[in-house]
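Count along the sequence shown from 1, add 53, and you get the number used in this note's numbering. Just so you know, even glycine gets a beta-carbon here, dropped at the ideal spot from N, CA and C. Below is one structure; the comments refer to it alone.
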Amino acid sequence: MEAAGFNFRQDRLSWTEGEHEYAFFLDEDGSHAAFLEQAPPSIRAALVSARGRRNVTERRFRAAVGIYALITTLPLLLLLAFVLNVGILAEWLADRIPVEQEARIGQMVLAQTRARTRLIERGPALDAVKLIGERLTAGSRYRYQWFVAQDSEVNAFAAPGGVVVVNAGLIAKAARPEELAGVLAHEVSHVERRHSMQGLVKKAGLSLLLSLALGDFGGSSIAGLASTLTELKFSRDAEAEADSEGVKRLASAGIDPKGMSDFFAKLAKDENGKGPALLATHPAPAERMARIQRQITTLPATTPAPLPLDWRGVQASLESR
54 MEAAGFNFRQ DRLSWTEGEH EYAFFLDEDG SHAAFLEQAP PSIRAALVSA
104 RGRRNVTERR FRAAVGIYAL ITTLPLLLLL AFVLNVGILA EWLADRIPVE
154 QEARIGQMVL AQTRARTRLI ERGPALDAVK LIGERLTAGS RYRYQWFVAQ
204 DSEVNAFAAP GGVVVVNAGL IAKAARPEEL AGVLAHEVSH VERRHSMQGL
254 VKKAGLSLLL SLALGDFGGS SIAGLASTLT ELKFSRDAEA EADSEGVKRL
304 ASAGIDPKGM SDFFAKLAKD ENGKGPALLA THPAPAERMA RIQRQITTLP
354 ATTPAPLPLD WRGVQASLES R
């Protein structure tokens with residue numbers, strides 16, 4: 054008597070008589086017990102022993118099926134877990150990347166920017182950006198570098214490690230220095246919250262970022278990540294967080310946070326009907342303005358002193374270039 058069938062749920066009873074072999078099968082429908090009850094005493098013990106071996110075989114089969122199912126589905130489960138938790142994973146991993154590695158990526162981005170854009174590295178406009186930026190980043194773990202790009206497009210960006218570039222067109226568009234401060238606070242918040250590094254986890258993959266976290270990274274790989282950053286767009290959640298953190302940073306620095314909402318509201322009403330580049334990758338302007346304004350109303354009532362800048366002189370210094 055032995056286990057039989059695809060799933061070993063049958064019993065095969067065989068015997069020989071003369072030169073012939075005979076066999077019949079018992080399905081698992083109660084026929085096992087009925088057969089044992091009717092079996093002659095001379096073979097009943099052997100049948101019970103065989104039944105025990107069949108049960109062991111059946112359990113092994115079930116275990117093998119379970120292990121096979123686990124092996125085949127585990128990659129899918131891991132992929133699903135990654136997709137569902139990629140934001141949490143990205144933030145966790147980004148927080149473990151050394152600041153020095155972030156700075157290396159930032160310097161690569163800066164080098165690429167210099168290759169395609171003329172940077173203004175002295176003068177009233179850069180002095181204004183530095184003055185505001187240093188107030189917003191007091192006590193930061195990053196060593197910020199501030200630049201003004203000779204570019205009429207209304208835009209600004211921040212790279213990992215604290216490289217911040219503001220276009221001359223944005224400075225020309227701002228009615229007062231507090232509006233520029235609002236943009237800088239937003240960009241600085243992207244750096245402080247490591248949004249670029251989180252985006253790279255999703256864009257470049259875990260293996261590259263794990264190497265970066267461990268410090269095992271070559272110059273060519275750093276350059277590749279820098280190129281990836283130029284195509285990276287922040288998520289709506291990251292943009293909302295940068296706005297929120299930016300408002301807090303403005304208030305802490307004693308700068309009127311209304312400058313942020315005023316400037317973004319101005320851009321949303323662009324006379325050409327097309328939002329400038331600064332809004333192209335950001336949430337819906339109306340929703341964004343409402344959220345910023347609601348947050349401002351929750352701040353303690355204060356009257357921040359105006360920034361000590363000759364704003365007309367700052368803008369005029371760019372017009373002469």
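Cβ shell of residue i (< 7 Å), same chain only, five flanking positions each side left out
i      : result
Pro357 : Gly307, Ile308 and Asp309
Met250 : Ala147, Ile150, Glu155 and Pro213
Gly366 : Pro177
Asp315 : Glu232
Outcome for residue i when other beta-carbon atoms lying within 10 angstroms are tallied against a minimum of 16
i      : result
Gly379 : Because the chain is modelled from 54 through 374, residue 379 falls outside the range shown and cannot be assessed.
Asp290 : exposed
Thr190 : buried
Asp363 : exposed
Ala117 : exposed
Thr166 : buried
Glu232 : buried
Ala228 : exposed
Glu187 : exposed
Tyr396 : There is simply no residue 396 to check, as the chain begins at 54 and stops at 374 in what is shown.
Pro353 : exposed
Ser67  : exposed
Ala343 : exposed
Rounded C-alpha distance that separates residue i from residue j
i      : j      : result
Glu292 : Ser242 : 9 Å
Glu340 : Ile124 : 46 Å
Gly215 : Tyr121 : 50 Å
Ala164 : Arg246 : 23 Å
Ala321 : Trp145 : 34 Å
Glu294 : Gln346 : 14 Å
Pro230 : Thr126 : 57 Å
Leu137 : Ser370 : With a pLDDT of 46 at Leu137, under the threshold of 50, the modelled position of this residue cannot be trusted, and the question is left open.
Glu74  : Arg115 : 30 Å
Phe210 : Ser373 : 24 Å
Val152 : Ile158 : 10 Å
Close Cβ partners of residue i (< 6 Å) along its chain, the five nearest in sequence each way excluded
i      : result
Ala238 : Leu189, Gly299, Arg302 and Leu303
CA nearest to the CA of residue i, picked from the options
i      : options                           : result
Leu253 : Lys286, Leu223 and Val236         : Lys286
Ile224 : Arg247, Val216 and Asp204         : Asp204
Ala318 : Pro353, Ser373, Lys226 and Thr355 : Lys226
Gln368 : Leu184, Gly222 and Gln160         : Gly222
Ala181 : Gly71, Ala168 and Asn220          : Asn220
Beta-carbon proximity list for residue i, same chain, < 8 Å, skipping 5 on both sides
i      : result
Leu179 : Ile173, Trp199, Phe200 and Val201
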